[in-house]
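When the count follows this note's numbering, it moves up by one through the sequence shown with no breaks and lands on 544 for the last residue.
Cβ coordinates follow ideal geometry from the N, Cα and C atoms, glycine included.
Since we're looking at a predicted model, the values are computed, not measured.
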Amino acid sequence: QAATAHVLFNVIGASIFLAFLPFYKDVVAATSTDIGRQIANAHTIFNVTNTLLFLPFVPVLVWVIRRIVPDKGGAVVAGPMYLDLKLISASPAAAVDAVKKELLHMGDLARSMLTDVRRAFTENNPKMIGEVTQTEKAVNEINRAISSYASEVWQGGLSSELSTVLGSYVNGVGDIERIGDHATNLIELYEYKLDHGFEFSTLARGEFDDMFDLVERAVRLSFESLNEEDVLKAKEVDALEDEVDRKEKILRKNHILRLNKGECTPAGGVIFIDILSNLERVCDHAHNISLIAFDISKLHK
Numbered sequence: 244q245a246a247t248a249h250v251l252f253n254v255i256g257a258s259i260f261l262a263f264l265p266f267y268k269d270v271v272a273a274t275s276t277d278i279g280r281q282i283a284n285a286h287t288i289f290n291v292t293n294t295l296l297f298l299p300f301v302p303v304l305v306w307v308i309r310r311i312v313p314d315k316g317g318a319v320v321a322g323p324m325y326l327d328l329k330l331i332s333a334s335p336a337a338a339v340d341a342v343k344k345e346l347l348h349m350g351d352l353a354r355s356m357l358t359d360v361r362r363a364f365t366e367n368n369p370k371m372i373g374e375v376t377q378t379e380k381a382v383n384e385i386n387r388a389i390s391s392y393a394s395e396v397w398q399g400g401l402s403s404e405l406s407t408v409l410g411s412y413v414n415g416v417g418d419i420e421r422i423g424d425h426a427t428n429l430i431e432l433y434e435y436k437l438d439h440g441f442e443f444s445t446l447a448r449g450e451f452d453d454m455f456d457l458v459e460r461a462v463r464l465s466f467e468s469l470n471e472e473d474v475l476k477a478k479e480v481d482a483l484e485d486e487v488d489r490k491e492k493i494l495r496k497n498h499i500l501r502l503n504k505g506e507c508t509p510a511g512g513v514i515f516i517d518i519l520s521n522l523e524r525v526c527d528h529a530h531n532i533s534l535i536a537f538d539i540s541k542l543h544k
């Protein structure tokens, strides 16, 4: 869209200026006797005048661009957003805070992967396969970027407290990356289910939703506890992790009973068990992330 806007801006502007070329030439010639300066001034006059002409028509231009290049609702911001190398020497505390911001950005992407996985299963939407795969690449790239950036921050010298905080953030990076891995496992299970035409029973679909509700809540609260350094929310995640563990065991037993009664196919049953296992592991990593709030709260005492 940005490229299209740039092309339209220049093409339309040039077309307008062609109609006034003799006048434009005289104005440019009057600005300087030096040819190089005239060229630079011509460029400046074109851009400034063109911008002023376009300002009243910005909404129209936006509409035209979106008609030519539609918005991509699921577009992913690939790569790090906050890891400014200048901060390392300017302010180690700001550099550590940049790691936290990037960690939360990475967490948002991992959460979006889980959302897309759920949409794939509940809406039977194959488009989510590509969305999850694309987002996984961004998560992996940020994982590498944070690890590299954190190493440079450590080499620059940190106080004991900042070093501990940074270490907690780096540990969290690994857990978020693992959440992304489990989301990828889940979308691959959906793809296998889709390719082989397996269907879950109404009861199994309800259990899937119940389990996903708990896990998504745990993941959301874990990142909120990290962002806000909120120990109470971290404790909620701790309780949810216990609940998910119990739920996984109960649902596993229920599904085995359905298999024994012939209510589900063996292959479909294996997929369902694998889904439960991956969701339970996601919650484990969410619990690990929530522990960062406890680590930081101890430093503040």
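> Measuring CB to CB, does S202 end up less than 8 Å from I532?
Replying inline: Beyond the ends of the chain as shown, which are 244 and 544, falls residue 202; an answer cannot be given.
>> Are the CB atoms of D327 and A341 within a distance shorter than 8 Å?
In response: Going by C-beta atoms, A341 is nearer than 8 Å to D327.
> Mind checking H543: buried by the 16 CB within 10 Å criterion, or exposed?
Replying inline: Flag for H543 reads exposed.
> What first and last residue would you give for the alpha helix (DSSP H) that runs through P592?
Replying inline: Since the displayed the chain opens at 244 and closes at 544, residue 592 lies outside it and no answer follows.
>> Judging by CA-CA distance, which residue of H286, K490 and N253 is the nearest neighbour of Y267?
In response: Nearest option by C-alpha distance: H286.
>> Please state whether the Cβ-Cβ distance between A338 and L330 is less than 8 Å.
In response: Yes, the pair counts as a contact, with Cβ atoms nearer than the cut-off.
> Excluding five sequence neighbours on each side, which residues of the same chain lie with their C-beta closer than 7 Å to the C-beta of F455?
Replying inline: R361 and L522.
> Does R280 come within less than 8 Å of chain D when only Cβ atoms are used?
Replying inline: No chain D appears in the structure shown, which is made up of a single protein chain.
> Can you tell me the Cα-Cα spacing of I255 and G322, whole angstroms?
Replying inline: Cα to Cα, I255 sits roughly 34 Å from G322.
>> Whole angstroms are fine: how far does the CA of M349 sit from the CA of L405?
In response: If I take the Cα positions, the gap works out to 21 Å.
> Using a Cβ-Cβ cut-off of 6 Å (strictly less than) and excluding sequence neighbours within five positions of L502, which residues of its own chain qualify?
Replying inline: Taken in chain order, the residues that qualify are G512.
>> Which residue marks the beginning of the alpha helix (DSSP H) containing T508, and which one marks its end?
In response: For T508, no alpha helix (DSSP H) encloses it, and the DSSP letter there is neither H nor E.
> Is D277 helix, strand or coil by DSSP?
Replying inline: Under the three-state reduction of DSSP, D277 is assigned to coil, being neither helix nor strand.
> Helix, strand or coil: how does DSSP classify E472 here?
Replying inline: Coil at E472, not helix or strand.
> What do you get for F300, buried or exposed, if any count of 16 or more other CB atoms within 10 angstroms of its CB means buried?
Replying inline: Classification for F300: exposed.
> Would the beta-carbon of I430 fall within 8 Å of that of V375?
Replying inline: Yes, Cβ-Cβ distance for I430 and V375 is below 8 Å.
> Going by C-alpha distance, which of G505, T294 and E420 is nearest E384?
Replying inline: For the residues G505, T294 and E420, the minimum Cα distance to E384 belongs to E420.
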